[in-house]
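A quick write-up on the structure given underneath.
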Amino acid sequence: MLIQEQVELLAFNTFRVSAIAPRLVTLQSNNDLLEWRAQAKQPDCVVLGGGSNVVLASNLETPVLLNRIMGYHVQPLNHREALVSAGAGEPWHPFVMRTLTSGWFGLENLSLIPGTVGASPVQNIGAYGVELCQRFYSLQAFDLHTGEMRNFSREECEFRYRDSIFKRADHQQWIITKVTFKLYRDGPLSLDYGDIKAELSSRKIITPTALDVSLAVQEIRRQKLPDPAVAPNAGSFFKNPVLSAKQFHSFQEAHPNAPHYPQEDGSVKLAAGWLIDRLGWKGRHIGPVEVHPKQALVLVNRGGNGRDILNAASQIVASVRVHFGIELEMEPRILGRA
Ligand SMILES: Cc1cc2nc3c(=O)[nH]c(=O)nc-3n(C[C@H](O)[C@H](O)[C@H](O)COP(=O)(O)OP(=O)(O)OC[C@H]3O[C@@H](n4cnc5c(N)ncnc54)[C@H](O)[C@@H]3O)c2cc1C
1000 MLIQEQVELL
1010 AFNTFRVSAI
1020 APRLVTLQSN
1030 NDLLEWRAQA
1040 KQPDCVVLGG
1050 GSNVVLASNL
1060 ETPVLLNRIM
1070 GYHVQPLNHR
1080 EALVSAGAGE
1090 PWHPFVMRTL
1100 TSGWFGLENL
1110 SLIPGTVGAS
1120 PVQNIGAYGV
1130 ELCQRFYSLQ
1140 AFDLHTGEMR
1150 NFSREECEFR
1160 YRDSIFKRAD
1170 HQQWIITKVT
1180 FKLYRDGPLS
1190 LDYGDIKAEL
1200 SSRKIITPTA
1210 LDVSLAVQEI
1220 RRQKLPDPAV
1230 APNAGSFFKN
1240 PVLSAKQFHS
1250 FQEAHPNAPH
1260 YPQEDGSVKL
1270 AAGWLIDRLG
1280 WKGRHIGPVE
1290 VHPKQALVLV
1300 NRGGNGRDIL
1310 NAASQIVASV
1320 RVHFGIELEM
1330 EPRILGRA
């Protein structure tokens, strides 16, 4: 365990916001967690993985725990299924590639998402038609309040669209230490979302493997999404709003061309990017924050602080509320005083 005092967090968040943590505790094992809890005066803290889904709104008042607990383990269940586990601090994309190159399929559509394995269940990451909860088996988490380790099943995580119990204010005592996925030797691939089929056909691939799908997804993402190293961002800043069937009916009367995605429970998901784009935000600057010229859902920080980002977000939210009567919800978590 490494403990540093008064640490600048600019390099620890993909928005590259400057903020000071009173302490930065780098955890490399479950024992480090026990040791830190024993010596900490109060258990309140903030956990960070790759910092790709947070807005640092101010300097922090509580210590930051940097999760770097590593590990990789495969437990075959039979000739075609296995439980594959990884330490929470493992970087997500290299973990996905390790499963694929070892012949375990299932995570290919989630390739190239930034961040760590431990954060992946927090907002039930999703991309290209697949959500983490579809491949998730269980996770292990440490309770900072009691000092106990506990396993969570899929049902206990209460996964929803970009949500789980770990994103809620009353569950911030849990530090995820290990995540287990159920993966397969073969099975149907998810090819119907976005440009996956077009990308595969441009590569002249007729019968794709899961690895082919991963490479196609990576190429599409590289073309579409700004690289945080060049344009500091946190991916999609707003969730796609979900309307009840009744709400959608009146919305559609006014906006018949709006893209929409019917859900199994009868609700309808709208594209937040379309709403923002329709209001002319794409490419505009709100102080030091830019709405990405190609991706209306992505806010890029051009040298501002967390409050500049939140101010830009609230202007966009207000305009969508006024024009469409829809309340956009932020995807990243706000840390510090907003
Ligand atoms: C360019 C770009 C593209 C993206 N694309 C996608 C996408 O396609 N789909 C998608 O779903 N997301 C996407 N994201 C968002 C982000 O990458 C994911 O949400 C990712 O899982 C966050 O991982 P992280 O380690 O960086 O989490 P952090 O930002 O460090 O933390 C996020 C939240 O999880 C909590 N947390 C982190 N680790 C733990 C832990 N071990 N235990 C308990 N809580 C923890 C933190 O306290 C915080 O509340 C994108 C982001 C960027 C910058």
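Counting from 1000, one number per residue, gives the positions in the sequence shown under our numbering.
Cβ coordinates follow ideal geometry from the N, Cα and C atoms, glycine included.
Nothing here was measured: the structure is a model prediction, and the numbers come from that model.
Comparing alpha carbon positions, the residue from Glu1326, Pro1207 and Trp1280 closest to Asp1185 is Pro1207.
Just measuring C-alpha positions, the residue of Ser1119, Leu1296 and Ala1018 sitting nearest Ala1337 is Ala1018. C-alpha of Gly1303 to C-alpha of Thr1145: approximately 39 Å in a straight line. Nearest to Pro1075 by alpha-carbon distance, out of Leu1274, Phe1180 and Leu1033, is Phe1180. The beta carbon of Ala1126 sits closer than 8 Å to at least one heavy atom of ligand 1. Here Gln1122 has Asn1052, Arg1161, Asp1162, Ser1163, Lys1166 and Glu1330 as same chain residues with Cβ atoms under 8 Å from its own Cβ, once five neighbours each way along the sequence are excluded. Residues of the same chain with a CB within less than 7 Å of the CB of Thr1098, apart from the 5 flanking positions on each side, are Val1083, Leu1106 and Leu1182 in chain order. Pro1240 carries a coil assignment under DSSP once its states are collapsed to helix, strand and coil. Between Phe1247 and Leu1269, the CB-CB gap stays under 9 Å.
Cβ-Cβ distances below 6 Å link Ser1213 to Leu1099, Glu1107 and Ser1110 in the same chain, with the five nearest sequence neighbours on each side left out; the list follows chain order. At a threshold of 8 Å, Ser1084 does not count as near ligand 1, since its beta carbon sits no closer than that to any of the ligand's heavy atoms. Here DSSP, grouped into helix, strand and coil, assigns Met1096 to helix.
Where Ala1020 is concerned, the enclosing beta strand (DSSP E) starts and stops at Ile1019 to Leu1026.
A distance criterion of 8 Å places the beta-carbon of Asp1307 beyond contact range of ligand 1, judged by its closest non-hydrogen atom.
According to the DSSP secondary-structure assignment, Tyr1260 is paired through a beta bridge with Lys1268.
Of the candidates Leu1008, Glu1147 and Asp1276, the residue whose Cα lies closest to the Cα of Leu1047 is Leu1008.
Note on geometry: alpha-carbon atoms of His1170 and Val1045 lie some 12 Å from one another. Contact annotation, Phe1014 with Asn1300: C-beta distance approximately 5 Å; criterion of less than 8 Å satisfied. Runs of alpha helix (DSSP H) with 4 or more residues, each lying fully within the segment 1056-1131, are found at 1091-1100, listed in chain order. Boundaries of the alpha helix (DSSP H) harbouring Trp1035: Asn1029 to Gln1038, taken from the DSSP string.
Close CB contacts of Gln1003 within its chain, under the 6 Å cut and outside five residues either way in sequence, are with Leu1023 (chain order). Look at the segment 1151-1236 and you find these whole runs of beta strand (DSSP E), each 3 residues long or longer: 1173-1183.
A buried status is given to Ile1124, since no fewer than 16 other beta-carbon atoms sit within 10 Å of its beta-carbon. Scanning its chain for C-beta atoms nearer than 6 Å, with the 5 sequence neighbours on each side dropped, one finds no residue around Ala1037.
Taking the Cβ atoms as the reference, Phe1094 lies roughly 5 Å from Val1116, within the contact range of under 8 Å. Our two residues, Asn1239 and Ala1312, have alpha carbons roughly 14 Å apart in a direct line. Residue pairing of Ser1318 in beta bridges, as defined by DSSP: absent, with no partner found.
Pro1187 has its Cβ no nearer than 8 Å to any heavy atom of ligand 1. Placement of the Cβ of Arg1202 at a distance of 8 Å or more from every heavy atom of ligand 1 is found. Here the distance from the Cβ of Asn1232 to the nearest heavy atom of ligand 1 is below 8 Å.
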